[in-house]
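Written out below as structure tokens is the structure these notes cover.
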Amino acid sequence: MKTFNEIPSSEPSTDLLNELRLPEDLKKLSKKDLNIVADQVREFLLYSVGVSGGHFGAGLGVVELTVALHHVFDSPKDKIVWDVGHQSYPHKILTGRKKDLKNIRKNNGLHPFPSRDESSHDAFGVGHSSTSISAMLGMAIGKESSESKQVAVIGDGAITGGMAFEALAHAGSLEDDLLVVLNDNNMSISNNIGGISNYLNKIWSSKFYTQIREGGKKVLRFIPSAKRFASKAEISLKGMFTPGAIFEELGFHYIGPIDGHDLNLLIDTLKNLNNLKGPKFLHVITTKGKGYLPAEKDQIGFHAISKMPGPSELSMNKKPKYSDIFGEWACKKAEEDNNLIAITPAMTEGSGLVNFSKVFPDQFYDVAIAEQHSMTFAAGLACSGKKPVLAIYSTFLQRAYDQLIHDVAIQNLDVMLAIDRAGFVGEDGATHAGIFDLTFLRCVPNLTLMTPSDENELWLMLNTGYDLKTPVAVRYPRGSGPGSEISHSDEKIEIGKAKVIKDEESDVVLLSFGSLLSIAKEISEELNYSLIDMRFVKPIDESLLIKLAQSNKLLVTLEENVVAGGAGSAVNEVLNQNFISTNVLNIGIPDHFPKVGSPLDQKKEAGLSKENIIEQINKKLNSMK
1 MKTFNEIPSS
11 EPSTDLLNEL
21 RLPEDLKKLS
31 KKDLNIVADQ
41 VREFLLYSVG
51 VSGGHFGAGL
61 GVVELTVALH
71 HVFDSPKDKI
81 VWDVGHQSYP
91 HKILTGRKKD
101 LKNIRKNNGL
111 HPFPSRDESS
121 HDAFGVGHSS
131 TSISAMLGMA
141 IGKESSESKQ
151 VAVIGDGAIT
161 GGMAFEALAH
171 AGSLEDDLLV
181 VLNDNNMSIS
191 NNIGGISNYL
201 NKIWSSKFYT
211 QIREGGKKVL
221 RFIPSAKRFA
231 SKAEISLKGM
241 FTPGAIFEEL
251 GFHYIGPIDG
261 HDLNLLIDTL
271 KNLNNLKGPK
281 FLHVITTKGK
291 GYLPAEKDQI
301 GFHAISKMPG
311 PSELSMNKKP
321 KYSDIFGEWA
331 CKKAEEDNNL
341 IAITPAMTEG
351 SGLVNFSKVF
361 PDQFYDVAIA
371 EQHSMTFAAG
381 LACSGKKPVL
391 AIYSTFLQRA
401 YDQLIHDVAI
411 QNLDVMLAID
421 RAGFVGEDGA
431 THAGIFDLTF
441 LRCVPNLTLM
451 TPSDENELWL
461 MLNTGYDLKT
471 PVAVRYPRGS
481 GPGSEISHSD
491 EKIEIGKAKV
501 IKDEESDVVL
511 LSFGSLLSIA
521 KEISEELNYS
531 LIDMRFVKPI
541 DESLLIKLAQ
551 SNKLLVTLEE
561 NVVAGGAGSA
571 VNEVLNQNFI
581 STNVLNIGIP
591 DHFPKVGSPL
601 DQKKEAGLSK
611 ENIIEQINKK
621 LNSMK
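In the working numbering, the protein residues as written are 1 to 625.
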């Protein structure tokens, strides 16, 4: 295996890889050539992601596994389902998309995750974790051809999700021919343990062992006591060398752990398993970032990278991100109140809580990929007199919606949600877009919902939400804000009160909810419109809305959320309930999922650029004449 210290600055020569058009071409190659292909896939992956940016470490870690899977199985007849999809770049390279990889995550480029619309080799569209086994099981049961195989590749992080274990329990109770591959990159194998494990696994996955094992079961079927003894003995023996007893108990034939970078071993093991009927579980050990030394040493930092910056970009002073501001606020508040408990479902770095976790380890819980648990865990903490603050991405909050209603809101518990990545998130596409939270949160009783428009507003709203003794949510966008100075004070804002930014006699009022205020200010200055920072979606400032509706001809609502049921709908409801017939224009995200591209591209597509908004307002005004 080749190892690299630097990302190639020019496209490498990948002569053997270039000859491959489809994954079936891998079947014609010897193991020696397959190892060369693996090296060339890794080198090209380094180069292409250096050009485009994107998910990085996970893909480097599964190069050998991907080559082995496509050598042994027959995609797309055989279905290979990748969980989450961070690790799918080598898969894309080997399934005819190599030349397009430099445009991944860009407008009209490749999707960052497997997508059924992009390739027949992408068996299932993904982006959120822990879905692969459920999807694969559905395919196994619903398949039209008895000859097709189903494979789910899931990581050690994703398998912690409750949905994955629900699927494992179901799959193991059936006799369908399927394979779960656990890509475990959270540990390494020592040479001695690895050698023993590899030897045993070659035996356990062989046809000889399988025949003895299955044949013995048929004989012992008629001797219940002997059957029970033999089964226990087998599990005990394997348990001395493997951690797989739990999967055996669920009904799987467990093999592992094996070295996930030993391509020859992977091929031999997968071939043996391919001939084995029923549910199988293969445990492979990989290293995230394998083959690129900086990524091996800093697996978190190289999970994903931006494109390689130029000298001018490196010297730029960068504004703090909203997540950094949240992390700073959490540290300050924890110094004042030891009842504060910060929680995150596997998003310590992304949520800005790295420093908090180090300074306040007894007040911090990363519960892994378990959004549902994180919410009810917070509810339990609140019942015990603690002040839980749950830092969660908007797109992942969707998974905890039942728990939010059933466990938090109905009991009116003192839980605060710090919702990051609200609105467009750019290159990760539709699966990660936080464009629904205003809609599904504002209908929940007992919940206060705030939308900060800049960095200081976030700080003030976090202060405000923390003092409430009821459920509260503060939603803020990805990345940096407009650059407002942060007060770092203990100041709070009045619940349900909007902020008048500009009051003009223009007959048009812009009502901005959150991140679009900067654009709204430009429009207000250019066209001399009145401008309101609404701040609260719930409770909304009804008295101000009624006053504005009675004195203006057109109210324009602006939000980085779907129009359907969003903040604009809340304004419409207030006017309708008070029998006011003022013209209202709701501007937000239309009824479709965003395409892959930059946040700027996505806003333009949704009609949320400055020019698009002005055009919509003028069209509405012309219709009123």
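Virtual Cβ for every residue (Gly too), placed ideally from N, Cα, C.
Meets three-Cβ-pair contact criterion under 8 Å: the segment 95-102 and the segment 124-133: no
Residue span of the beta strand (DSSP E) that contains Lys-538, given as start and end: From DSSP, the beta strand (DSSP E) with Lys-538 extends over 536-538.
CB contact below 7 Å: Asp-601 versus chain D: The structure shown contains no chain D; it is built from a single protein chain.
Coil, strand or helix - Met-163 by DSSP: Met-163 falls in the helix class under three-state DSSP.
Outcome for Asn-185 when other beta-carbon atoms lying within 10 angstroms are tallied against a minimum of 16: buried
Beta-carbon spacing of His-111, Leu-94 below 7 Å: no
Where Ile-246 falls, given that 16 or more other Cβ within 10 Å makes a residue buried: exposed
Three-way DSSP call (helix, strand, coil) for Gly-54 in this model: In the three-state reduction of the DSSP assignment, Gly-54 falls in the strand class, which pools E and B.
The segment 141-153 touching the segment 248-258, judged by at least three CB pairs closer than 8 Å: no
Backbone CA spacing between Glu-605 and Leu-168 [nearest angstrom]: 40 Å
Simplified DSSP assignment, three categories, for Ser-480: strand
Residues bridged to Val-584 [DSSP beta-bridge criterion]: Leu-555
Element boundaries [alpha helix (DSSP H), containing Asp-184]: Not the alpha helix (DSSP H): Asp-184 falls in the beta strand (DSSP E), residues 178-184.
Straight-line gap, Ser-487 to Phe-356 (C-alpha atoms, nearest Å): 20 Å
Cβ neighbour criterion (16 or more within 10 Å) applied to Pro-471: buried
Neighbour-count burial assignment, Val-508, 16 or more Cβ in a 10 Å radius: buried
For Met-139 and Leu-46, the rounded distance between their alpha carbons: One C-alpha to the other measures close to 33 Å.
Same chain, Cβ closer than 6 Å to Lys-319, neighbours up to 5 away in sequence not counted: The beta carbon of Lys-319 lies closer than 6 Å to those of Ser-480, Gly-483 in the same chain, with the five residues before and after it left out.
CB-CB length for Gly-568 against Asn-586, believed under 8 Å: Between Gly-568 and Asn-586 a beta carbon distance of about 3 Å is seen, short of the 8 Å cut, so the two are scored as contacting.
Residue burial classification, Met-416 (beta-carbon count within 10 angstroms, cutoff 16): Answer is buried; the Cβ neighbour count reaches 16.
As assigned by DSSP and simplified to three states, the class of Ile-193: Confidence at Ile-193 is low in this model, with a pLDDT of 38, below 50, so its placement is unreliable and the value that follows should be read with caution. Three-state result, Ile-193: helix.
Inter-residue Cα distance where the pair is Asp-428 and Val-81: 19 Å
Member of Val-562, Ser-384, Val-556, Cys-331 whose CA lies at the smallest distance from the CA of Val-571: Val-556
Any 3 or more C-beta pairs closer than 8 Å across the segment 443-455 and the segment 512-521: yes
Span of the alpha helix (DSSP H) around Ala-295: 293-297
Beta-carbon contacts of Pro-8 that lie in its chain and below 8 Å, excluding the five residues immediately before and after: Glu-43, Leu-46, Tyr-47, Gly-50
CA-to-CA distance, Val-63 to Ala-38, given in whole angstroms: 6 Å
DSSP three-state assignment for Arg-627, whether helix, strand or coil: This structure leaves residue 627 out entirely; the chain is present only between 1 and 625.
As assigned by DSSP and simplified to three states, the class of Ser-384: coil
Buried or exposed by the 16-neighbour rule on C-beta atoms within 10 Å, applied to Gly-380: exposed
DSSP state of Gly-216 mapped onto helix, strand, coil: Note that Gly-216 scores 43 on pLDDT, short of 50, meaning its location in the model is unreliable and no value can be drawn from it.
Buried or exposed (CB count within 10 angstroms, at least 16 for buried), Ser-630: One cannot answer for residue 630 here, as it falls past the ends of the chain, which runs 1 to 625.
Inter-residue Cα distance where the pair is Ile-24 and Ser-75: At residue 24 the sequence reads Glu, which differs from the Ile that was named. Rounded to whole angstroms, Glu-24 to Ser-75 spans 8 Å at the Cα level.
Residue burial classification, Ser-10 (beta-carbon count within 10 angstroms, cutoff 16): exposed
Residue from Pro-257, Val-284, Asn-103 whose Cα sits closest to the Cα of Val-153: Val-284
Within 7 Å, strictly: CB atoms of Met-461 and Val-444: Between Met-461 and Val-444, the gap from beta carbon to beta carbon reaches 7 Å or more.
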